[in-house]
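Colleague: So for the sequence shown, this note's numbering puts the first residue at 1; every next one is plus one. Sharing a structure with you now.
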Amino acid sequence: MLLNFDGLGAWKWPLVGFTVLVTLFLLLPILFIVALSFGSSQWLIFPPPAWTTKWYAQLFADPRWIEAAFTSLRIGLVVTVCSVLLGLLASFGLTRGRFRGVEMLRALFLTPMILPVVVFAVALYAFTLKLGLNGTFIGFVIAHTIIALPFSIIAITGALEGFDKSIEDAAVLCGATPLEAKLRVTLPAISHGLFAAAIFSFLMSWDEVVLAIFMSSPTLQTLPVKIWTTLRQDLTPVVAAASTLLVGLTLVLMILAALFRKGDAR
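Here you go:
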């Protein structure tokens, strides 16, 4: 019988303590940022001398921060749609294609996850600069879609590999066209993979900073780039407030993904 938590005996408490320490190690920097965003000092001082929400008021009153946030949101939504659609088509080819080099092609799709981000950013910067797309909305979408696509392929491919294709074949035998069978049978069955692909694609675009620095321009900046440039110019708690909102949306999306996965498991 497999060893479970209750079967660990006296070892389970050291394991619990170690888990708590690792969790605190991962969460404390985020908790510090949240606390600093409510601090009354005009500098990033911990612990804060008092508590206030004025930095959030300044954040929402500054049109530059709002514009950067909406730019990140628009880019993230378009990237999500492009990444999921391209990832779906690529996943069908990788899981159901019977051709030489399919494993090599699968590895090729995953190279944006393996290459150092800064190396990839320099290469993409030179490429988009040659095409005149650097600093444009389309350039951002292309760049972020490339780095988000591997996550879509992994999520959707995993869902397709766990799907029984005979169900789709049965739908075709019952009179549905191959396209109808995929739309009405296969896609609903792999909805958890599509949802995971959408969440991770959006988060890859929403949180990405290194590639965004190379792709940005004075008139087009995402929220992470705005945070980075503000940190270099003025170390103000407004940055902590913006970072808290960035982390907050990420946390909300991860919770939604967990709830969706739990509901799908039922």
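Even glycine gets a Cβ: it sits at the ideal position worked out from N, Cα and C.
Residue 143 and residue 215: beta carbons closer than 7 Å?
Modeller: The residue given as residue 143 occupies position 143 in the sequence shown. The residue given as residue 215 occupies position 215 in the sequence shown. Contact: yes.
Colleague: Is there at least one non-hydrogen atom of the ligand NAP closer than 6 Å to the beta-carbon of residue 236?
Modeller: Although the ligand NAP was asked about, the structure shown includes no ligands whatsoever.
Colleague: Measure the alpha-carbon distance for residue 79 versus residue 202 and round it to whole angstroms.
Modeller: Position 79 of the sequence shown, counting from 1, holds the residue named residue 79. Position 202 of the sequence shown, counting from 1, holds the residue named residue 202. Using only the alpha carbons, I get a separation of about 7 Å.
Colleague: I want to know whether the segment 225–241 touches the segment 149–168 - three or more CB-CB distances under 8 Å.
Modeller: Too few Cβ pairs lie closer than 8 Å, so no.
Colleague: What runs of the alpha helix (DSSP H), each 4 residues or longer, lie entirely inside the segment 156–216?
Modeller: With a minimum length of 4 residues, the continuous alpha helix (DSSP H) runs that stay inside the segment 156–216 are 165–173, 178–181, 191–207 and 210–215.
Colleague: Using a Cβ-Cβ cut-off of 6 Å (strictly less than) and excluding sequence neighbours within five positions of residue 197, which residues of its own chain qualify?
Modeller: Indexing the sequence shown from 1 puts residue 197 at position 197. The answer, listed in chain order, is 84, 87, 152, 155 and 156.
Colleague: Taking the beta carbon of residue 82 as the centre, do at least 16 other beta carbons fall within 10 Å, making it buried, or is it exposed?
Modeller: Numbered from 1 along the sequence shown, position 82 holds the residue referred to as residue 82. Looking at its Cβ environment, which holds 16 or more other Cβ atoms inside 10 Å, residue 82 is buried.
Colleague: Thinking C-beta only, is residue 37 closer than 7 Å to residue 241?
Modeller: Residue 241 sits at position 241 when you count from the first residue of the sequence shown. Residue 37 sits at position 37 when you count from the first residue of the sequence shown. Going by C-beta atoms, residue 241 is nearer than 7 Å to residue 37.
Colleague: Looking only at its chain, what residues have a beta carbon closer than 8 Å to the beta carbon of residue 247, apart from the 5 residues adjacent to it on each side?
Modeller: Position 247 of the sequence shown, counting from 1, holds the residue named residue 247. Correct list, in chain order: 30, 33 and 34.
Colleague: Put residue 228 into one of helix, strand or coil per three-state DSSP.
Modeller: Here the question's residue 228 lines up with position 228 in the sequence shown. Three-state DSSP puts residue 228 in a helix.
Colleague: Between the alpha carbons of residue 13 and residue 191, how many angstroms are there, rounded?
Modeller: Numbered from 1 along the sequence shown, position 13 holds the residue referred to as residue 13. Numbered from 1 along the sequence shown, position 191 holds the residue referred to as residue 191. Taking the straight line joining both Cα atoms gives about 39 Å.
Colleague: Excluding the 5 residues flanking residue 100 on each side, which residues of the same chain have their C-beta closer than 8 Å to its C-beta?
Modeller: For the purposes of this step, residue 100 is identified with residue 100 of the sequence shown, where counting begins at 1. Nothing meets the Cβ criterion.
Colleague: Bridge partners of residue 220, per DSSP?
Modeller: As a working mapping, residue 220 is identified with position 220 in the sequence shown. Per DSSP, 217.
Colleague: If you follow the alpha helix (DSSP H) that residue 74 is in, where does it begin and where does it stop?
Modeller: Numbered from its first residue, the sequence shown carries residue 74 at position 74. Note, residue 74: alpha helix (DSSP H), 63–96.
Colleague: Whole angstroms is fine: what's the gap from residue 239's alpha carbon to residue 75's?
Modeller: Walking along the sequence shown from the start, residue 239 turns up at place 239. Walking along the sequence shown from the start, residue 75 turns up at place 75. Each residue's alpha carbon lies about 21 Å from the other.
Colleague: With DSSP as the reference, label residue 135 as helix, strand or coil.
Modeller: Counted from its first residue, the sequence shown places residue 135 at position 135. Residue 135: coil per DSSP, three-state reduction.
Colleague: In this structure, how does DSSP classify residue 101 when only helix, strand and coil are distinguished?
Modeller: By 1-based counting over the sequence shown, the position of residue 101 is 101. Here residue 101 sits in coil by DSSP.
Colleague: How long is the line joining the alpha carbons of residue 105 and residue 49, rounded to whole angstroms?
Modeller: For this step, residue 105 is matched to residue 105 along the sequence shown. For this step, residue 49 is matched to residue 49 along the sequence shown. Answer to the nearest angstrom: the Cα atoms are 56 Å apart.
Colleague: Just mark residue 251 as buried or exposed, buried being the case when its beta carbon has 16 or more other beta carbons within 10 Å.
Modeller: Mapped onto the sequence shown, residue 251 falls at position 251. It is exposed - the Cβ of residue 251 has fewer than 16 other Cβ atoms within 10 Å.
Colleague: Among 194, 231 and 207, which residue has its Cα nearest to the Cα of residue 257?
Modeller: The count along the sequence shown starts at 1 and reaches residue 257 at position 257. Here the closest residue by C-alpha is 194.
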